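Enquirer:
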Amino acid sequence: MFNRKIQKIGRSSYFINLPKKWIEQFNLDRGSIIKLSISKNGSLIIEPTGEAKEENVATIHITSTISRDIISKYLLGYKTIRIVSSRGLTEDEIKIIKDTVRFLIGLEVVEEGLNEVIIQSMLDVESIHPSKLISREGIIAEGILRDSITSLVKRDINTALLASRRDEEINRFYFLLVRVLRSALQNYNIISKFNLTPLDIVDYRLAASYIESVGDCATNIARCSVEIISNNVEEDKLNTIVDIGNKIVGFYRRAITAFLDKDYKIANDIISTVKRFREEIDGELKIVDGRLFNVFSNLERITMLIVDIADLVLIP
């Protein structure tokens, strides 16, 4: 935050001093063109037309936490990550580095030596609108939940097993979305291109977190489904799970749509409907135990997350 006094030149001209660091960052000088706009809350926005200087390199000294360190730098938006070791990198360390790079969307190893590995991001974050990532993350979570329920209908252990292993897909898109959102907050050109406000960025981050949690719950249901199918649970209980699960899939899909479209009416309807619907799940929780309890518990948790997603639309 910079504080500046308004100065006056002549009878009708006013000026303020611009921060030198900002001028240098965007390669501006006397005579450079800048854009001025007034936001809805009355703030004056000064937008540079030059490109920011790129000094986006992180250096990591190899430790036992190398995988977490790479993920951290990725989330912070670094375009180049250098991993160095004075004693030389071991085969196991290089494997961990490459496994982590494969997990993170857009990263590639571009140089590899005895003492250094250089990783670069090949993605242009400005070309990936957060709404597309939210939509994709939402589809994956919905797919896991639907497959978990389908596996019970068909008593298909293979479908349940496949669904239980898909949580990594959601994590990859969640990490990419966090990277894009943080980059937008740090670069006004990006947030302006996305036509988003800082509050929108916060909402997207929260929505992404809620969707990731839906995926976690759906994965838990899939794991429980494997045991339920193997143990020949009563048909009526399976039918109840399937009926409730299918309704939740519908609620979830509408909540995602309401969030992306900023549809107040749908969001409000979802919240009211889901809150009433939870009474049905609460009733089942009182009469089941073991894996069935875990399934209904995760379904209840998903309904709470659906309400949280819809709530983001209602918050002014």
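Every letter in the sequence shown is one number past the one before it in the working numbering, and letter 140, counting from 1, is 722.
Ideal Cβ placement from N, Cα and C applies to all residues, glycine included.
Because the structure is a prediction, the values reported are computed rather than measured.
1. Just to confirm, is the Cβ distance from R836 to I826 under 8 Å?
2. Distance, Cα to Cα, I605 vs S717?
3. Roughly how many whole angstroms lie between the Cα atoms of D864 and N753?
4. Just how far apart, CA to CA, sit T682 and V639?
5. In three-state terms, what does DSSP make of V692?
6. For I598, which residues in the same chain have their Cβ closer than 8 Å to its Cβ, ignoring the five residues on either side in sequence?
7. Name the DSSP beta bridge partners of Q702, please?
8. Under 8 Å Cβ to Cβ from V691, same chain only, skipping five residues before and after it: list those, please.
9. Give a yes or no on whether 8 Å exceeds the smallest Cβ distance from N876 to chain B.
10. Determine the burial state of G872: buried for a count of at least 16 other Cβ atoms within 10 Å of its Cβ, exposed for fewer.
11. Within 10 angstroms of the Cβ of R805, are there 16 or more other Cβ atoms? Answer buried if so, exposed if not.
12. Tell me the DSSP secondary structure of F833 in three-state form.
13. Looking at the strands, I want to know which residues DSSP matches up with H643.
14. Determine the DSSP secondary structure at L600, reduced to helix, strand or coil.
15. Return yes when the Cβ of R787 is within less than 8 Å of the Cβ of G659, no when it is not.
16. Taking I888 as part of the alpha helix (DSSP H), name the residues at either end of that continuous run.
17. My assumption, with CB atoms under 8 Å, is that V559 sits in contact with R737. Please give the rounded CB distance.
18. Rounded to whole angstroms, what's the CA-CA distance from I869 to D893? Just pull it up for me.
19. Between I884 and V796, how many whole angstroms is the CB-CB distance? I'm expecting something under 8 Å.
20. Can you tell me where the alpha helix (DSSP H) with L867 in it begins and where it stops?
21. Quickly, what does DSSP pair P630 with across the bridge? List them, please.
22. Look at the Cβ atom of T641, then the Cβ atom of R664, and state whether they are nearer than 8 Å.
23. With 16 other CB atoms within 10 Å as the buried threshold, where does N880 fall?
24. Looking only at DSSP bridge pairs, what is Q589 linked to?
25. Fully enclosed by the region 718-769, which alpha helix (DSSP H) runs are 4 residues long or longer?
26. Whether or not the region 647-662 and the region 717-726 are in contact is what I'm after, with contact meaning three or more pairs of Cβ atoms, one per stretch, closer than 8 Å; do they touch?
27. Is the distance from the Cβ of S746 to the Cβ of V808 below 8 Å?
Expert: Answer, in terms of the structure:
1. On the sequence shown, residue 836 is found 254 positions in, with the first residue counted as 1. On the sequence shown, residue 826 is found 244 positions in, with the first residue counted as 1. Not a contact, by the Cβ cut-off of 8 Å.
2. Taking the sequence shown and counting its residues from 1, the one referred to as residue 605 is at position 23. Taking the sequence shown and counting its residues from 1, the one referred to as residue 717 is at position 135. Cα-Cα distance, rounded: 37 Å.
3. Here residue 864 refers to the residue found at position 282 of the sequence shown. Here residue 753 refers to the residue found at position 171 of the sequence shown. Spanning the two alpha carbons is a distance of roughly 29 Å.
4. The residue labelled residue 682 in the question sits at position 100 within the sequence shown. The residue labelled residue 639 in the question sits at position 57 within the sequence shown. One C-alpha to the other measures close to 18 Å.
5. Sequence index remark: in the sequence shown, residue 692 carries index 110 (1-based). If DSSP states are grouped into helix, strand and coil, V692 belongs with the strands.
6. Sequence index remark: in the sequence shown, residue 598 carries index 16 (1-based). R586, K587, I588, Q589, listed in sequence order.
7. Taking the sequence shown and counting its residues from 1, one reaches residue 702 at position 120. BP columns for Q702 point to T662, E690.
8. Against the sequence shown, residue 691 aligns to sequence position 109. Excluding residues within five positions, the ones whose Cβ falls inside 8 Å are I679, K680, V683, V699, I700, I701.
9. Absence of chain B from the displayed structure is noted, only one protein chain being present.
10. On the sequence shown, residue 872 is found 290 positions in, with the first residue counted as 1. The residue in question, G872, is exposed, as its Cβ has fewer than 16 Cβ neighbours within 10 Å.
11. Here residue 805 corresponds to residue number 223 of the sequence shown, with the count starting at 1. Answer is buried; the Cβ neighbour count reaches 16.
12. In the sequence shown, residue 833 corresponds to position 251, counting from 1. Correct three-state label for F833: helix.
13. As a working note, residue 643 is residue 61 in the sequence shown. According to DSSP, residue pairing for H643 in a beta bridge involves V666.
14. Locating residue 600 in the sequence shown gives position 18, where the first residue counts as 1. Coil.
15. In the sequence shown, counting from the first residue as 1, residue 659 sits at position 77. In the sequence shown, counting from the first residue as 1, residue 787 sits at position 205. Cβ atoms of G659 and R787: not closer than 8 Å.
16. As a working mapping, residue 888 is identified with position 306 in the sequence shown. Segment 872-896, the alpha helix (DSSP H) holding I888.
17. This structure cannot settle anything about residue 559, because the visible part of the chain is limited to 583 through 898.
18. Position 287 of the sequence shown, counted from the first residue, corresponds to residue 869. Position 311 of the sequence shown, counted from the first residue, corresponds to residue 893. Going by the C-alpha atoms only, they are around 31 Å apart.
19. For the purposes of this step, residue 884 is taken as the residue at position 302 of the sequence shown. For the purposes of this step, residue 796 is taken as the residue at position 214 of the sequence shown. Yes, they are in contact, since the Cβ atoms of I884 and V796 sit about 5 Å apart, within 8 Å.
20. Numbered from 1 along the sequence shown, position 285 holds the residue referred to as residue 867. Run containing L867: 846-867, per the alpha helix (DSSP H) assignment.
21. Within the sequence shown, numbered from 1, the residue matching residue 630 stands at position 48. Its beta-bridge partners are I616.
22. As a working note, residue 641 is residue 59 in the sequence shown. As a working note, residue 664 is residue 82 in the sequence shown. Cβ distance < 8 Å, so T641 and R664 count as in contact.
23. Sequence index remark: in the sequence shown, residue 880 carries index 298 (1-based). Burial call: buried.
24. For the purposes of this step, residue 589 is identified with residue 7 of the sequence shown, where counting begins at 1. In the DSSP output, where bridge partners are listed per residue, Q589 has F597.
25. 739-746, 749-768
26. no
27. Counted from its first residue, the sequence shown places residue 746 at position 164. Counted from its first residue, the sequence shown places residue 808 at position 226. Closer than 8 Å, so yes.
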